[in-house]
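K.L.:
Protein chains: 2
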Amino acid sequence: MAKSLRLGIAGLGTVGVGLIKIIQDNADMLTMRTGTSISISAVSARSAGKDRGVDIAAYAWEDDPVALATRDDVDVFVELIGGDAGPALAATEAAIAAGKHVVTANKAMLALHGQALALAAEDAGVNLRFEAAVAGGIPIIKSLTEGLAGNNITRIMGVMNGTCNYILTRMETAGLSYDEVFEEANQLGYLEADPNLDVGGIDAAHKLVLLSAIAFGTQVDFDGAVLEGIGRITIEDIRAAGEMGYRIKLLGVTQMTDTGLSQTMRPCLVPQSSPLAQLDGGTNMIVVEGDSVGQVVLRGAGAGEGPTASAVIGDVMDIARGINIPVFGQPANTLKSAPAVQTAVESPFYIRLNLRDEAGAMAQVSTALADAGVSIDRMRQDGQQDATAPVLIETHPTSRQTLNAAIKAIEVTGVAIHSPVVLRIENL
Amino acid sequence: MAKSLRLGIAGLGTVGVGLIKIIQDNADMLTMRTGTSISISAVSARSAGKDRGVDIAAYAWEDDPVALATRDDVDVFVELIGGDAGPALAATEAAIAAGKHVVTANKAMLALHGQALALAAEDAGVNLRFEAAVAGGIPIIKSLTEGLAGNNITRIMGVMNGTCNYILTRMETAGLSYDEVFEEANQLGYLEADPNLDVGGIDAAHKLVLLSAIAFGTQVDFDGAVLEGIGRITIEDIRAAGEMGYRIKLLGVTQMTDTGLSQTMRPCLVPQSSPLAQLDGGTNMIVVEGDSVGQVVLRGAGAGEGPTASAVIGDVMDIARGINIPVFGQPANTLKSAPAVQTAVESPFYIRLNLRDEAGAMAQVSTALADAGVSIDRMRQDGQQDATAPVLIETHPTSRQTLNAAIKAIEVTGVAIHSPVVLRIENL
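Residue numbers (this note's numbering), protein chains in the order written: chain A, 60 to 487; chain B, 60 to 487.
(1) Bridge partners for E138(B) per DSSP, in chain order?
(2) Which full runs of the beta strand (DSSP E) of 3+ residues lie inside the region 322–363 of chain B, going along the chain?
(3) Between the Cα of F387(A) and the Cα atoms of E190(A), G195(A), A154(A), D122(A), which residue gives the shortest distance?
(4) Starting from T151(A) and walking both ways along the beta strand (DSSP E), at which residues does that stretch end?
(5) Alpha carbon to alpha carbon, how far is V161(B) from A126(B)? Give it in angstroms, no decimals.
(6) Under a three-way DSSP split, which group does D122(A) fall into?
(7) Of the residues that make up the region 346–363 of chain A, which ones have a beta carbon closer than 7 angstroms to any beta carbon in chain B?
(8) What separation, rounded to the nearest whole angstrom, lies between the Cα atoms of V404(A) and S458(A)?
(9) So which of V352(B), L187(B), P456(B) has the shortest CA-CA distance to T213(B)?
(10) Can you name the residues of chain B whose CB is closer than 7 angstroms to the CB of K62(A)?
(11) Chain A beta carbons: is any one of them nearer than 8 angstroms to that of M376(B)?
(12) Any idea which residues DSSP pairs G309(A) with across the strands?
(13) Quick one: measure Cβ to Cβ for L227(A) and K308(A), integer angstroms, because I've assumed they're closer than 8 angstroms.
(14) What is the DSSP secondary structure of L320(B), counted as helix, strand or coil?
(15) Check the Cβ of E190(B) against every Cβ in chain A and list those closer than 9 angstroms, keeping chain order.
(16) Just to make sure I have the definition right: I need the residues of chain A whose C-beta is within less than 8 angstroms of the C-beta of G365(B). Which are they?
(17) Using the DSSP secondary-structure output, state which residues sit across from R437(A) in a beta bridge.
(18) Hey, does R437(A) have any beta-carbon neighbour from chain B nearer than 8 angstroms?
(19) Looking at chain B, which residues of the region 88–109 of chain A have a Cβ within less than 9 angstroms of any of its Cβ atoms?
(20) When you compare the region 298–316 of chain A with the region 259–269 of chain A, are there three or more beta-carbon pairs, one atom per stretch, that lie closer than 8 angstroms?
(21) Give the interface partners of N210(B) over in chain A, defined as CB-CB distance under 8 angstroms, in chain order.
(22) If we cut at 8 angstroms on Cβ distances, does T222(B) have a partner in chain A?
(23) Compare the beta carbon distance of I134(A) and R65(A) with 8 angstroms and say whether it is the shorter of the two.
(24) By how many angstroms is the C-alpha of G77(A) removed from the C-alpha of G196(A)?
(25) When the cut-off is 8 angstroms and only beta carbons count, does Q389(A) lie next to chain B?
(26) Please classify V471(A) as buried or exposed, where buried requires at least 16 other C-beta atoms within 10 Å of its C-beta.
(27) Below 8 angstroms, how does it come out for the region 420–437 of chain B and the region 358–376 of chain B: are there three or more Cβ pairs, yes or no?
(28) Which residues mark the beginning and the end of the alpha helix (DSSP H) in which T129(A) is found?
(29) Please identify the residue among T277(B), R298(B), M303(B), A263(B) whose C-alpha is closest to the C-alpha of E287(B).
(30) Would you list the one or two residues that DSSP bridges to V218(B)?
(31) For P334(A), tell me which candidate among P326(B), G359(B), I261(B), T318(B) has the shortest Cα-Cα distance.
(32) Assuming D280(B) and A399(B) make a contact with CB atoms under 8 angstroms, what is their CB distance in whole Å?
(33) Which value, in whole angstroms, describes the spacing of the CA atoms of A150(A) and I215(A)?
(34) Can you round the beta-carbon distance between M91(B) and A208(A) to whole angstroms, since I take them to be within the 8 angstroms contact cut?
(35) Tell me whether R92(A) sits in a helix, a strand or coil according to DSSP, three-state version.
(36) Are the region 97–104 of chain A and the region 216–225 of chain B touching, with three or more C-beta to C-beta distances below 8 angstroms?
Right, dumping it as structure tokens:
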């Protein structure tokens, strides 16, 4: 006689619908694999009447997700509402307080409230699981928290925002400007209601800081992450990078240094031969480096109905199997608070700047770089006849701090028409 | 007050030594992450006196792994002896009978005795875990059994033997013959005592059949796997594949068909642009396809002290955390016995054959192919002045059965100097 596990699902967008399909279509398989009958007691969403392509008539309806989360016939509250606070947070808190397990796909909520929620869940003895919050169907949370748990993680890198990946790839292949592709993505419905969540790197950084917490045993620290969006990338940058043997990707890097935790989410140049460079559209990739395992790479769809629902049901199945481990892999009350720092690791940088059409402008840039201790590996300015054509510089390896000083010195000269675009080159 | 989990480790080769280092160097981290103090009670190996670079003086010594496996102060028996039967199997059976959990890196033992051992372990209520048996540090067993458990897996493909990968890559980059590189690998200590385990595809197939059992809910069936080694691959094959846009890899493919389970481990041509083609040396890659998740790719070191020990300690930590799920992801007594079949999926094929220097030889080959229903996409014979130069053929997509009939017909004509080399082209 199989045990039973009853879900309450709040949020019936693509992921919620995908989850319902899996549970309706694969009930026997889920029972076989978990020894537990997994069922849905109740659902909640903004509109009860909407046709979602799945039959939800058998499930109780709740207008209020908090009421859903605390129902007697709900063992696991599945939070697919989204948003870093509001109903998602209220219902999650209510579920934990009522002794319900929680499975969520909500990276924003966890990035901002993860520590408090983890403490509450562990106090209550319930699971709070979030595989679906990071990189869709890729089992990265499980891999980090369990499979690779015997490692001291040294660094994690990843491309984790499909929209940015789409925009950058589309600019390159279609030769379109950022604004044109942005508008195209908007028409296609690829952008969040607040597009800055995607193109500003915020969504991807939400994911990165969750990985940091697990990898380094630190409290989730979104405020400590350094963010830079893709809005200043031009088609010239993409072309120039290509000619130099690179592609531009919105890359997240987290690593623990001697002085603190460095978390960055920024557009970077990566070699065309790197697996990271070869990602198209919505594919995500995460590179984990551990002291024993070396480098492990995981790749898969970072979003979408099926992949994200796959992650949610995986978490539900773990709960059905009785697995209960700390939210971030060690008890939340043992997670340390690490100072946020920028890594001191040196790298080459790509610089684009437009100079005023005046004699000696280039010399002033060269002098500013040299005085700051930044040496130039290669430099070009196409269309020499047009003095306003952008100047593209690849530096020898240097630290971000040194480079920032050089950029400031260039700005002080007044020869640059706009603040230079600076992109780190990650040779991986 | 942390709980405790005491290990008995049998086999002190590289993996055993790696495991001891992790436990000695990271005791606090392991305790923090599992809430359990993980310690070593006793060890066993062939030679007690040998200097292995780790201090084992604090551990009891057992000459007999069966005695080790059944000690009162051992909770988990870690089997790193190797070999499909003999002491490894005897000690594993003894451990299970004595109510001990087992963690093993032994793919051969599980490929041949996995079903019986899983039944015994589940009867006894103990864990039998084997992340380290497949693809070293890549958490593929956990991903399949847990993270992706909500999927109907449709296909798994993988490059899972570093030695074959090394040989094929080295032949290509150094322009050396198979025999030369084989000897080189032998000198470097890369080969098993029985090299056919590697170059015959046996070791890789051992891994593949374990993945099949989890993916398809079937009893481990090594006898049903179709194996072909890399011993007939020549430098000409590698060069010809390269000129056609492919690289040759020992590729495992497992999929459930309407008529049964197809498991193949064979050298194949894969497009140079495929991530599989870009693997070097000891790097493994596994591609999992599921109905919800789509395609997930995992890449990492497939062998070696650190990566394999990382997988072993991951399993140990799961046991410390109280996780106990069925060995192959569903109860062993529910695993089905599926008939072994060859997939009917059509693909193009690469054929190399050397013809006798006689008039009409090529015409006879063409006729034999056409009569069997195999159509030629492209064909070449370099050095037309030398009639004995190999003929290279790429066919249009056809089934293996059709192709085999054509090859038999070619052999009957007697114009081929040797049995043609036939390699499947996998466009992935």
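The beta carbon of each residue, even a glycine, is placed where N, CA and C say it ideally should be.
P.N.:
Reading it off the structure:
(1) The residue given as residue 138(B) occupies position 79 in the second sequence. Answer by DSSP bridge pairing, in chain order: A69(B), T163(B).
(2) 342–349, 353–360
(3) As a working note, residue 387(A) is residue 328 in the first sequence. The shortest Cα separation from F387(A) among E190(A), G195(A), A154(A), D122(A) belongs to E190(A).
(4) For the purposes of this step, residue 151(A) is taken as the residue at position 92 of the first sequence. T151(A) -> not in any beta strand (DSSP E); alpha helix (DSSP H) instead, spanning 145–156.
(5) Translated into positions along the second sequence, residue 126(B) becomes position 67. Translated into positions along the second sequence, residue 161(B) becomes position 102. Rounded to the nearest whole angstrom, the C-alpha separation of A126(B) and V161(B) is 14 angstroms.
(6) By one-based count along the first sequence, residue 122(A) stands at place 63. Looking at D122(A) - three-state DSSP - the assignment turns out to be coil, as it is neither helix nor strand.
(7) G349, S351, V352, G353, Q354, V355, V356, L357, R358, G359, A360
(8) Here residue 404(A) is taken as the residue at index 345 of the first sequence, counted from 1. Here residue 458(A) is taken as the residue at index 399 of the first sequence, counted from 1. Roughly 6 angstroms between the two C-alpha positions.
(9) Within the second sequence, residue 213(B) is the residue found at index 154, counting from 1. If we check each option's Cα against that of T213(B), V352(B) comes out closest.
(10) Locating residue 62(A) in the first sequence gives position 3, where the first residue counts as 1. What K62(A) touches in chain B: nothing, since even the nearest Cβ is about 14 angstroms away.
(11) By 1-based counting over the second sequence, the position of residue 376(B) is 317. Yes, because at least one Cβ of chain A sits closer than 8 angstroms to the Cβ of M376(B).
(12) Along the first sequence, read from residue 1 onward, the residue named residue 309(A) stands at position 250. It is Leu, not Gly, that sits at residue 309(A) in the sequence shown. Beta-bridge partners assigned by DSSP to L309(A): P326(A).
(13) What you label residue 227(A) is simply residue 168 of the first sequence in a count that begins at 1. What you label residue 308(A) is simply residue 249 of the first sequence in a count that begins at 1. The Cβ separation is near 7 angstroms, so the contact holds.
(14) Locating residue 320(B) in the second sequence gives position 261, counting from the first residue. Strand at L320(B).
(15) To locate residue 190(B), count along the second sequence from 1; it is residue 131. Those within 9 angstroms of E190(B) in chain A are G206.
(16) Within the second sequence, the letter at position 306 stands for residue 365(B). Residues of chain A passing the Cβ test: D350, S351, V352, G353.
(17) Position 378 of the first sequence, counted from the first residue, corresponds to residue 437(A). Answer by DSSP bridge pairing, in chain order: E453(A).
(18) Taking the first sequence and counting its residues from 1, the one referred to as residue 437(A) is at position 378. Not closer than 8 angstroms to any Cβ of chain B, the Cβ of R437(A) fails to qualify, so no.
(19) M88, L89, M91, R92, T93, G94
(20) Because the criterion of three Cβ pairs below 8 angstroms is met, the region 298–316 of chain A and the region 259–269 of chain A touch.
(21) The residue you call residue 210(B) lines up with position 151 of the second sequence. Neighbours of N210(B) on chain A, chain order: S369.
(22) Reading the second sequence from its first residue, position 163 is the one you call residue 222(B). Judged by the 8 angstroms Cβ criterion, T222(B) is not in contact with chain A.
(23) Here residue 134(A) refers to the residue found at position 75 when the first sequence is read from its first residue. Here residue 65(A) refers to the residue found at position 6 when the first sequence is read from its first residue. The identity of residue 134(A) in the sequence shown is Asp, whereas the question assumes Ile. Closer than 8 angstroms, so yes.
(24) Your numbering for residue 196(A) matches position 137 in the first sequence. Your numbering for residue 77(A) matches position 18 in the first sequence. Going by the C-alpha atoms only, they are around 12 angstroms apart.
(25) Translated into positions along the first sequence, residue 389(A) becomes position 330. Answer yes: the Cβ-Cβ gap between Q389(A) and chain B drops below 8 angstroms somewhere.
(26) On the first sequence, position 412 is the one that residue 471(A) refers to. The C-beta of V471(A) has fewer than 16 other C-beta atoms within 10 Å across all chains shown, which makes the residue exposed.
(27) The region 420–437 of chain B is not in contact with the region 358–376 of chain B.
(28) Your numbering for residue 129(A) matches position 70 in the first sequence. Taken as a continuous stretch (DSSP letters only), T129(A) belongs to no alpha helix (DSSP H), as it is neither H nor E.
(29) Position 228 of the second sequence, counted from the first residue, corresponds to residue 287(B). When only C-alpha atoms are compared, the closest one is A263(B).
(30) Taking the second sequence and counting its residues from 1, the one referred to as residue 218(B) is at position 159. Residue pairing for V218(B): DSSP places it in a beta bridge opposite M344(B).
(31) Position 275 of the first sequence, counted from the first residue, corresponds to residue 334(A). Among P326(B), G359(B), I261(B), T318(B), the Cα nearest to that of P334(A) is on G359(B).
(32) For the purposes of this step, residue 280(B) is taken as the residue at position 221 of the second sequence. For the purposes of this step, residue 399(B) is taken as the residue at position 340 of the second sequence. So it is a contact: roughly 6 angstroms between Cβ atoms.
(33) Here residue 150(A) is taken as the residue at index 91 of the first sequence, counted from 1. Here residue 215(A) is taken as the residue at index 156 of the first sequence, counted from 1. Per the coordinates, the alpha-carbon of A150(A) lies some 31 angstroms from the alpha-carbon of I215(A).
(34) As a first step, residue 91(B) must be located in the second sequence, where it is residue number 32. As a first step, residue 208(A) must be located in the first sequence, where it is residue number 149. Contact flag wrong, Cβ pair sits at about 10 angstroms.
(35) As a working mapping, residue 92(A) is identified with position 33 in the first sequence. When secondary structure is reduced to three states using DSSP, R92(A) falls in the helix class.
(36) no
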